[in-house]
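J.: Starting off with a structure, shown below.
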Amino acid sequence: MRSFAFVTRRPAGTATVLCAGLFLALASPRVARADTNTPPTITTQPASGFGALGEDFEFSVAATGTAPLTYQWLLNGAGLPGETNTVLLLTNLTFVQSASFAVVVANAAETIVSSNATLTVQTNAPRRLGTGRILQVGPQVGVPITIRANGREGAVYFSLSYDTNAYANPVFLPANAGATVSTNLTQPATIGVTLTLPAGALLPSGYEWIGLMRFDLAANRTALQGGLAFATNPVPIAAANTNYPALLLDANVEPQYVLVTSTPQINRQSGLFEQQLLVSNPGAALMTNVDILALEFGSVSVTNSLLPGVPQTNAIVLLNAQSNLLNYPFNDPLIAVDCTNCGYALDLPATCDFGSYLANGAGACSPNFAGTNVLITGTNFNIVGQFVPFAITNVPLPMVQLNNLLPGETRPAMMEFYVADHATPPAPQYSLYLADPLYHTPPPYFTMPVTLLGTRFANGTFLVEFSSQLGVTYYVQYAATPADLATNAQTVLPPINGTGAHIQWIDDGPPKTDSPPTNGSRFYQVITWPQPQ
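Residue numbers (the working numbering): 490 to 1022.
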């Protein structure tokens, strides 16, 4: 190519003759080299992640192919000047860098573009510690310690306090057998943990177990009454590696649940499938708002006897969902390991041991967060295994909320599912996390009381009956006394859409109402919004 460029700068006559000659001479060898070149192949795609304002973040790519390989990083599809290496280091992060990144890899044979990787920049700490599904095996309790990581953490430090009337003799078992662990028991009722991965090893981006905290359980306490709390003494809460020694890290104790029955059961009176959860607060602080997400129930294919061989969609709806979340997660969910032999439903045997349970934390038995595509009300996206996207919108996630769960408290929550064929049981998965409150307030205007056809208490539930009009929204309100009903009523979510017929609304306690009803201690009214015409 240099000879060709040199000749074209000679006088016109000479250049014409020599240029043609050189082109013919060079054409054949160039074709031969192209035939033997191996196009580039990206062997490691850039991984999505997250960072806090002011932190650093690093994307990397690995590729094979005939040398030389060239690289050009892209931000939202546009080239980044000077970023032509296998590594893209972003320093002092700002919200401008909360974007999509990719890299162009090229050689003489071909040019290819990597998959897109998303960076989410947050104002708060981008990585958090949490507690996973707590398990009891005989007289001992296992508390998984989880982390939301972004692929740069080689070490994690934290302290965990506990109620000595319930727990004793803490031992930390690392998920990575090669990790170095030291514990500090100098602070009363607290264990400090320092965990360092083997040289060169980093936690993967997403949700990951870092280990299992094992306690002896007192004979008069349950596994979920441990009064757990993350603490900064004797070991401060932090994450680090050799390149980024100061990585921000928050920590939260997560709510817990157990299923009363492993599958939803049909209620012959309402025609709904019901599944009751027992939701617990294993922490030392009040849990103000506990959200229960119902995942993976979407819809199922059923056989229609009138149309043999034609698949039919059987719609399933979480009928008592109080709201839908459009961004996931607002906070960190409880990471579930739903092995059938671990006894997370009261009608299943519990035959787990801590060793297999710790191994299952890698995802073998965790369908909610195992790195597979999870069906969330008709939308597939990868929850864990890679980065958990924080910018997903327009994905309705039906949920209910329990309020003011006291330390050590367990409260029932009945989930009600409408199934189109009234026969096929749904198979929901659940995730719990702490979030902003739903406000149970009455409509601000155009309210009108409805004449009740009757209320009656039977089998631990209240039945409220009223006539409805099509297209009108109805709100049930309740209180402990008639006076409170007039001045300080609690409004039930979700509201009820009128059908033009009589409606029988059943109060069976949380999440519809704050507590299970008792005969003679609860009064009801129904209001409409907007006002019927």
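Glycine included, every Cβ here is placed at the ideal spot set by N, Cα and C.
1) Using a Cβ-Cβ cutoff of less than 8 Å, which residues in the same chain neighbour residue 988 once the five nearest sequence positions on both sides are dropped?
2) Mind pulling the beta strand (DSSP E) runs of 3 or more residues that sit fully within the stretch 909-951?
3) On the criterion of 16 or more Cβ atoms from any shown chain inside 10 Å, does residue 525 qualify as buried, or is it exposed?
4) Within a Cβ cutoff of 6 Å, which residues of the same chain sit near residue 943, ignoring the five residues on either side of it in sequence?
5) Indicate the three-state DSSP secondary structure (helix, strand or coil) for residue 808 in the structure shown.
6) Straight-line CA distance for residue 727 to residue 994?
7) If you check the beta carbons only, do residue 559 and residue 595 fall under 8 Å apart?
8) Taking residue 976 as part of the alpha helix (DSSP H), name the residues at either end of that continuous run.
9) Distance check for residue 577 and residue 896, CA to CA, integer angstroms please.
10) Going by CA-CA distance only, name the one from 528, 704, 642, 1003 that's closest to residue 778.
11) What is the residue span of the beta strand (DSSP E) that residue 585 lies within?
12) Hey, residue 763 and residue 904 are a contact pair by Cβ (cut 8 Å); roughly how many whole angstroms apart?
13) Considering Cα atoms alone, identify which of 593, 581, 570, 528 is closest to residue 549.
14) What separation, rounded to the nearest whole angstrom, lies between the Cα atoms of residue 631 and residue 843?
15) Can you find the residues in the same chain that come closer than 8 Å, C-beta to C-beta, to residue 610, ignoring five residues on each side of it along the sequence?
16) In angstroms with no decimal places, state the Cα-to-Cα distance between residue 1015 and residue 814.
17) Based on the DSSP output, what are the partners of residue 831 in its beta bridges?
18) Could you check what DSSP says for residue 580 in three-state terms: helix, strand or coil?
19) Run through the DSSP bridge pairs and tell me what residue 545 is partnered with.
20) Any idea which residues DSSP pairs residue 705 with across the strands?
21) Report the partner residues of residue 721 according to the DSSP bridge assignment.
22) Three-state secondary structure (DSSP) at residue 844?
23) Do residue 951 and residue 900 have their C-beta atoms closer together than 8 Å?
24) State buried or exposed for residue 666, treating a residue as buried only when at least 16 other CB atoms are found within 10 Å of its CB.
25) Take residue 628 as the anchor and find which of 603, 675, 656, 647 has the nearest alpha-carbon.
26) Check whether the Cβ atoms of residue 783 and residue 909 sit closer than 8 Å, and answer yes or no.
27) Take residue 557 and list the residues in its own chain whose beta-carbon comes closer than 8 Å to its own, dropping the five residues that flank it on each side.
28) Do residue 648 and residue 722 have their C-beta atoms closer together than 8 Å?
29) At what residues does the beta strand (DSSP E) containing residue 715 begin and finish?
30) Taking the alpha-carbon of residue 894 as reference, which of 714, 662, 668 has the nearest alpha-carbon?
31) Taking 7 Å as the limit between beta carbons, can you name the residues of its chain near residue 847, skipping five residues before and five after?
32) In whole angstroms, what is the alpha-carbon distance linking residue 920 and residue 734?
33) Could you give the distance in angstroms between the alpha-carbon of residue 879 and the alpha-carbon of residue 720?
34) Between the C-alpha atoms of residue 730 and residue 574, what's the straight-line distance to the nearest angstrom?
35) Where does residue 996 land, buried or exposed, given buried means 16+ other C-beta within 10 angstroms?
36) Just list the residues that DSSP pairs residue 623 with in beta bridges.
T.: The answer reads as follows:
1) Here residue 988 corresponds to residue number 499 of the sequence shown, with the count starting at 1. Within the same chain, residue 988 has close Cβ partners 957, 959.
2) As far as the stretch 909-951 is concerned, its whole beta strand (DSSP E) runs of at least 3 residues are 918-923, 937-939, 941-947.
3) Counted from its first residue, the sequence shown places residue 525 at position 36. Using a 10 angstroms sphere on the CB of residue 525, the tally of other CB atoms stays under 16, which defines it as exposed.
4) What you label residue 943 is simply residue 454 of the sequence shown in a count that begins at 1. Result list for residue 943: 954, in chain order.
5) Against the sequence shown, residue 808 aligns to sequence position 319. Annotated three-state conformation of residue 808 is coil, per DSSP.
6) As a working mapping, residue 727 is identified with position 238 in the sequence shown. As a working mapping, residue 994 is identified with position 505 in the sequence shown. Approximately 50 Å between the Cα atoms of the pair.
7) Within the sequence shown, the letter at position 70 stands for residue 559. Within the sequence shown, the letter at position 106 stands for residue 595. Their beta carbons are under 8 Å apart, which means residue 559 touches residue 595 by this criterion.
8) As a position in the sequence shown, residue 976 is number 487, starting the count at 1. It spans 971-976 - the alpha helix (DSSP H) in which residue 976 sits, taken as one unbroken run.
9) Walking along the sequence shown from the start, residue 896 turns up at place 407. Walking along the sequence shown from the start, residue 577 turns up at place 88. Spanning the two alpha carbons is a distance of roughly 46 Å.
10) Start at 1 with the first residue of the sequence shown, and residue 778 comes out as number 289. The candidate whose alpha carbon is nearest that of residue 778 is 1003.
11) Counting from 1 along the sequence shown, the entry for residue 585 is found at position 96. Unbroken run through residue 585: none, as it is neither H nor E.
12) Taking the sequence shown and counting its residues from 1, the one referred to as residue 763 is at position 274. Taking the sequence shown and counting its residues from 1, the one referred to as residue 904 is at position 415. Contact flag correct, Cβ pair sits at about 7 Å.
13) Taking the first residue of the sequence shown as 1, we reach residue 549 at position 60. When each option's Cα is compared against that of residue 549, the closest is 593.
14) Taking the first residue of the sequence shown as 1, we reach residue 631 at position 142. Taking the first residue of the sequence shown as 1, we reach residue 843 at position 354. Straight through space, the alpha carbons of residue 843 and residue 631 are spaced by roughly 7 Å.
15) Working through the sequence shown from its first residue, we reach residue 610 at position 121. Excluding the 5 residues flanking it on each side, residue 610 has same chain C-beta neighbours closer than 8 Å at 539, 540, 541, 542, 582, 583, 584, 586, 587, in chain order.
16) For this step, residue 1015 is matched to residue 526 along the sequence shown. For this step, residue 814 is matched to residue 325 along the sequence shown. Spanning the two alpha carbons is a distance of roughly 26 Å.
17) As a first step, residue 831 is located in the sequence shown; it is residue number 342 there, counting from the start. In DSSP, residue 831 forms a bridge with 839.
18) Residue mapping note: residue 580 aligns to position 91 of the sequence shown, counting from 1. Residue 580 falls in the coil class under three-state DSSP.
19) The count along the sequence shown starts at 1 and reaches residue 545 at position 56. According to DSSP, which records beta bridges pairwise, residue 545 is partnered with nothing at all.
20) One-based indexing of the sequence shown puts residue 705 at position 216. Residue pairing by DSSP puts residue 705 in a beta bridge opposite 629, 657.
21) Along the sequence shown, read from residue 1 onward, the residue named residue 721 stands at position 232. According to DSSP, residue 721 bridges with nothing at all.
22) Mapped onto the sequence shown, residue 844 falls at position 355. Helix, per DSSP.
23) The sequence position of residue 951 within the sequence shown is 462, counting from 1. The sequence position of residue 900 within the sequence shown is 411, counting from 1. Not in contact: residue 951 and residue 900 (Cβ atoms no closer than 8 Å).
24) Here residue 666 refers to the residue found at position 177 when the sequence shown is read from its first residue. Burial call: exposed.
25) Taking the sequence shown and counting its residues from 1, the one referred to as residue 628 is at position 139. Selection 603, 675, 656, 647 evaluated against residue 628 yields 656 as nearest (Cα-Cα).
26) Here residue 783 refers to the residue found at position 294 when the sequence shown is read from its first residue. Here residue 909 refers to the residue found at position 420 when the sequence shown is read from its first residue. Going by beta carbons, residue 783 and residue 909 fall outside the 8 Å limit.
27) Counting from 1 along the sequence shown, the entry for residue 557 is found at position 68. Here residue 557 has 596 as same chain residues with Cβ atoms under 8 Å from its own Cβ, once five neighbours each way along the sequence are excluded.
28) Reading the sequence shown from its first residue, position 159 is the one you call residue 648. Reading the sequence shown from its first residue, position 233 is the one you call residue 722. Yes, these two residues count as a Cβ contact at 8 Å.
29) Residue 715 sits at position 226 when you count from the first residue of the sequence shown. In the DSSP assignment, residue 715 falls outside any beta strand (DSSP E) and carries neither an H nor an E.
30) By one-based count along the sequence shown, residue 894 stands at place 405. The shortest Cα separation from residue 894 among 714, 662, 668 belongs to 714.
31) In the sequence shown, the residue the question calls residue 847 occupies position 358. 662, 664, 701, listed in sequence order.
32) Here residue 920 corresponds to residue number 431 of the sequence shown, with the count starting at 1. Here residue 734 corresponds to residue number 245 of the sequence shown, with the count starting at 1. For residue 920 and residue 734, the gap between their C-alpha atoms comes out near 33 Å.
33) To locate residue 879, count along the sequence shown from 1; it is residue 390. To locate residue 720, count along the sequence shown from 1; it is residue 231. Confidence in residue 879 is poor, its pLDDT being 35 and thus under 50, which makes the residue's placement unreliable; the coordinate value appears in the next sentence. About 27 Å.
34) For the purposes of this step, residue 730 is taken as the residue at position 241 of the sequence shown. For the purposes of this step, residue 574 is taken as the residue at position 85 of the sequence shown. Going by C-alpha positions, residue 730 is about 22 Å away from residue 574.
35) As a working note, residue 996 is residue 507 in the sequence shown. Classification of residue 996: buried, given that the 10 Å Cβ count is 16 or more.
36) Along the sequence shown, read from residue 1 onward, the residue named residue 623 stands at position 134. For residue 623, which the question treats as bridged, DSSP gives no partner whatsoever.
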